[in-house]
Amino acid sequence: MSITFPPRGSWARLPTPVHKLESLSKELGIELFVKRDDQTGFEVSGNKIRKLDYLAQDALNKGATCLVTCGGVQSNHCRATAALAARLGLRCVLLLRGESPHTPASNNLLDRLFGAEIFYLTSEQYYEGMNDFRQVLEEQVRAQGGKTYFIPEGGSNGLGTFGYASAFEEVEGQRARGEIPGYDATKPFDTMITAHGSGGTQAGLILGKLGAGEAGESTRIVGINVCYDGKESFRLVKDALWQCIQQYRLPLSFAAIDIEVKEGALGRGYGLSTPEELKFIAKVARTEGMLVDPVYTGKALFGLYRAVKENRAAFGERVLFWHTGGAFGLFKMGEEWAAAL
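For what it's worth, the working numbering labels the leading residue of the sequence shown as -8, then goes sequentially.
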């Protein structure tokens, strides 16, 4: 690859396995495989730890004593950051968008168990006052003799982008060496698909594809939007890619055509589920023995499923779905599951 990777930690359990989704493949008439990044660990499970391998290592190298990050009340990224901070003996402060849950559950419960200090912000405070909160925290921690290190939402910035550039390299190596059961090692994947939230995972996969040169040319990288509208989703990926390439002076370039964001999977909105989505999540559990969550992976896989149902050739014959974790989100749904089970 034409990418020189910066220093990284080794907290993610890698490589993660790849296997075929037999039932869905048969139903859809394609070869559908899944990259199990829900198995990067337990407390830190999911895609965020790949980014944190780089970000937390940078924090340690710079002498940080306190990790500060942000996200929604049930953010997988915030939970993974809190868990890793506890493991590393660092203080962790979370700036969460939304109200404090009356009864802590799922990721929010884990945030508290890991000892994170949590501040709940209104949408206005979150989007318009974040810099003010960061500055106050930085001054307070400095006054106590410490040093903060801020990690953006989802770990999605130039440095975090390397997490999924290396993941692309990892899965391509598994394919080329014939380590994926039931897959023809001579054929690249037609499409790799991931849930699109803060954009860093898709940006990293595109970076990895660009770095692979000819070996990555025939593989599309598609993000299925589960959070923002298409225009904002495109911007997030573009900004992360541009920041990474510029900051680290990588000999790479990209065009708008390299960034594919598919809409139509948002349903009722971010973090809100429809009965159809929950029934699909239950179907995947019962036919594949795999758990996907109602916020990210469940919506994205359902979006993939519906797209191929409508057009079998939507993503080609050989498709890889990135399971980016989030299973803890299953336990906050409560009575919503009643009609799906």
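Note that CB positions come from ideal geometry on N, CA and C, so glycine has one too.
Asked: Neighbourhood of Ser36 by C-beta distance below 6 Å, restricted to the same chain and skipping five residues each side; Found: Asp29, Gly316
Asked: Expected contact under 8 Å - CB spacing of Gly262 and Gln65 to nearest Å; Found: 7 Å
Asked: Distance between beta carbons of Gly214 and Val228, contact taken as under 8 Å; Found: 7 Å
Asked: Ala291 burial status per 10 Å Cβ neighbour count (16 or more: buried); Found: buried
Asked: Nearest-angstrom Cα separation, counted from Gln48 out to Arg41; Found: 11 Å
Asked: Check whether Glu144 and Cys235 have beta carbons under 9 Å apart; Found: no
Asked: Between the CA atoms of Gly199 and Ile(-6) - distance to the nearest angstrom; Found: 8 Å
Asked: Complete runs of the alpha helix (DSSP H) confined to the stretch 66 to 141 [at least 4 residues]; Found: 67 to 79, 97 to 104, 114 to 119, 121 to 134
Asked: Buried versus exposed call for Asp123 [16 or more other C-beta atoms within 10 Å across all chains shown]; Found: exposed
Asked: CA nearest to the CA of Gly280, picked from Gly169, Phe(-4), Arg27, Gly307; Found: Arg27
Asked: Ranges of the alpha helix (DSSP H) found wholly within the stretch 191 to 223, counting only runs of at least 4; Found: 191 to 202
Asked: Residue range of the alpha helix (DSSP H) that includes Thr60; Found: It is not in any alpha helix (DSSP H) - Thr60 instead sits in the beta strand (DSSP E) that spans 57 to 63.
Asked: Ser244 vs Thr192 beta-carbon contact at 9 Å; Found: no
Asked: Glu170 in three-state terms, based on DSSP; Found: coil
Asked: Burial state of Ser157 (16 or more Cβ within 10 Å); Found: buried
Asked: Residue environment, Glu161, which counts as buried when at least 16 other CB atoms sit within 10 Å; Found: buried
Asked: Counted within 10 angstroms of its Cβ, other Cβ atoms place Glu163 as buried (16 or more) or exposed; Found: buried
Asked: Closest Cα partner of Arg70 within the set Phe105, Gly307, Lys270; Found: Phe105
Asked: Beta-bridge partners of Ala186, as assigned by DSSP; Found: Ile215
Asked: 9 Å Cβ cutoff met for Leu332 and Ala273; Found: yes
Asked: Cα-Cα separation between Trp233 and Tyr219, rounded to whole angstroms; Found: 20 Å
Asked: Under the three-state DSSP convention, the category Phe153 falls into; Found: helix
Asked: Close Cβ partners of Val132 (< 8 Å) along its chain, the five nearest in sequence each way excluded; Found: Thr56, Cys57, Arg82, Lys138, Thr139
Asked: Opposing strand residues paired with Leu23 [DSSP bridges]; Found: Val310
Asked: Rounded separation between Asp102 and Tyr118 - CA only; Found: 22 Å
Asked: Bounding residues of the alpha helix (DSSP H) (the contiguous stretch that carries Val299); Found: 288 to 301
Asked: N-terminal and C-terminal residue of the alpha helix (DSSP H) that Val275 is part of; Found: 266 to 279
Asked: Pair within 9 Å by beta-carbon distance, Met183 and Trp2; Found: no
Asked: As assigned by DSSP and simplified to three states, the class of Val283; Found: coil
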